Structures are given as structure tokens and as C-alpha cells.
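Student:
In our numbering, the protein residues as written are 264 to 401.
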């Protein structure tokens with residue numbers, strides 16, 4: 264019997280990220296996958312679990328997106344909307360991955376759709392990505 268494997272969409276759902284993030288992680292080597300054909304990608308379930316356990320670590324350095332405040336002094340709950348906005352606007356991949364692990368997708372989507380301080384092009388791009396991910400059948 265072979266080891267269990269997941270599709271990119273299934274892996275994304277388990278990790279709380281978008282399928283595009285999964286494809287990027289496969290491309291950059293963060294996540295190991297194999298391709299039985301040109302149109303099919305499969306990810307070992309053990310790889311997804313490894314990454315899920317690694318993602319439970321402390322938050323990454325946010326000083327590049329929170330340049331005007333002390334990141335260590337921010338309360339992650341009370342300042343959630345501020346942190347989400349800043350990471351969505353200028354976050355690096357590790358910061359964005361942490362963000363999607365740390366906060367519920369509904370809160371992130373609410374910031375994207377309702378926070379007027381988020382630049383319009385950034386909000387539009389994230390809105391498209393979030394809707395694309397949410398509209399996919401399970």
C-alpha cells in the first residue's frame with residue numbers, strides 16, 4: 264500500500280493557505296511534491312504534516328512591515344487588523360504564510376474588503392486571490 268498523497272487544493276486547505284501558495288512552495292522547494300503527469304501534482308501527506316508542524320513556530324520578524332512601531336510591543340490580538348494590513352501590503356512569503364496561520368481567513372478577508380487604509384491595488388489583488396480560493400469546490 265502506498266503512502267497517502269494530497270492534491271494541491273487539499274494540501275492548501277490543511278495548511279490554511281491558497282493553492283497558489285502551495286504551488287509556490289513546491290516550486291521553491293519548501294514543500295516536496297511529485298508530478299505523475301504534466302497536469303497532475305501530488306504532495307505526500309507526511310510533507311504537509313511536516314510543514315504544518317514547522318508553521319506552529321513563533322512569528323517571523325515583522326520589522327520590515329512594521330517599520331514605524333515596535334513589533335515586540337504589539338498585541339497580536341488587539342492590533343490584528345493593523346498587522347494584517349501591513350503584511351498584506353508588503354509582507355514577504357514567510358510573513359504572509361504566518362499571517363494566514365495566525366488569523367482566521369474571515370478576518371483577513373474583512374480587512375481586504377473594508378480597511379480603507381489598504382491601498383486600492385493591493386486590496387483588489389488580495390480580493391481576487393481570496394475569492395479565487397474561496398470559490399473553488401472542496
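Just so you know, even glycine gets a beta-carbon here, dropped at the ideal spot from N, CA and C.
No experiment lies behind these values; they were computed from the predicted model shown.
With a CB to CB cut of under 8 Å and the five nearest residues on each side skipped, what residues in its chain are close to residue 314?
Tutor: Start at 1 with the first residue of the chain shown, and residue 314 comes out as number 51. Here the set comprises 278, 288, 293, 294.
Student: Would you say the stretch 361-375 touches the stretch 334-353, given that touching needs at least three Cβ pairs under 8 Å?
Tutor: In short, these stretches touch, since the Cβ pair count reaches three.
Student: Per DSSP, which residues does residue 387 bridge with? Please list them.
Tutor: Position 124 of the chain shown, counted from the first residue, corresponds to residue 387. DSSP output for residue 387 lists no bridge partner at all.
Student: Using a C-beta cutoff of 8 Å, does residue 394 count as contacting chain B?
Tutor: In the structure shown, chain B does not exist; there is a single protein chain.
Student: Within a Cβ cutoff of 8 Å, which residues of the same chain sit near residue 370, ignoring the five residues on either side of it in sequence?
Tutor: The sequence position of residue 370 within the chain shown is 107, counting from 1. So the qualifying residues of the chain are 343, 344, 347.
Student: For residue 366, which residues in the same chain have their Cβ closer than 7 Å to its Cβ, ignoring the five residues on either side in sequence?
Tutor: Residue numbering aside, residue 366 sits at position 103 when the chain shown is read from its first letter. The residues are 343, 347.
Student: What's the C-alpha gap between residue 268 and residue 331?
Tutor: For the purposes of this step, residue 268 is identified with residue 5 of the chain shown, where counting begins at 1. For the purposes of this step, residue 331 is identified with residue 68 of the chain shown, where counting begins at 1. Their Cα atoms are separated by approximately 44 Å.
Student: Using the C-alpha atoms, what's the distance from residue 391 back to residue 283?
Tutor: For this step, residue 283 is matched to residue 20 along the chain shown. For this step, residue 391 is matched to residue 128 along the chain shown. Their Cα atoms are separated by approximately 12 Å.
Student: Which residue's Cα is closest to the Cα of residue 368: 275, 270, 384, 271?
Tutor: Taking the first residue of the chain shown as 1, we reach residue 368 at position 105. Ranking the options by Cα distance to residue 368, first place goes to 275.
Student: What is the DSSP secondary structure of residue 242, reduced to helix, strand or coil?
Tutor: Within the shown structure, residues of the chain are numbered from 264 to 401, placing residue 242 beyond reach of any answer.
Student: Assign residue 310 to buried or exposed, taking buried as 16 or more other Cβ atoms, counted over all protein chains shown, within 10 Å of its Cβ.
Tutor: Here residue 310 corresponds to residue number 47 of the chain shown, with the count starting at 1. By the neighbour-count rule (16 or more Cβ atoms within 10 Å), residue 310 is buried.
Student: Alpha carbons only, please: which of 340, 337, 325 is nearest the one belonging to residue 350?
Tutor: By one-based count along the chain shown, residue 350 stands at place 87. That would be 325, whose Cα lies nearest to the Cα of residue 350.
Student: Indicate the three-state DSSP secondary structure (helix, strand or coil) for residue 269 in the structure shown.
Tutor: Reading the chain shown from its first residue, position 6 is the one you call residue 269. The answer is strand: DSSP assigns residue 269 an E or B state.
Student: Nearest to residue 273 by CA position, among 299, 306, 357, is which residue?
Tutor: As a working mapping, residue 273 is identified with position 10 in the chain shown. Ranking the options by Cα distance to residue 273, first place goes to 306.
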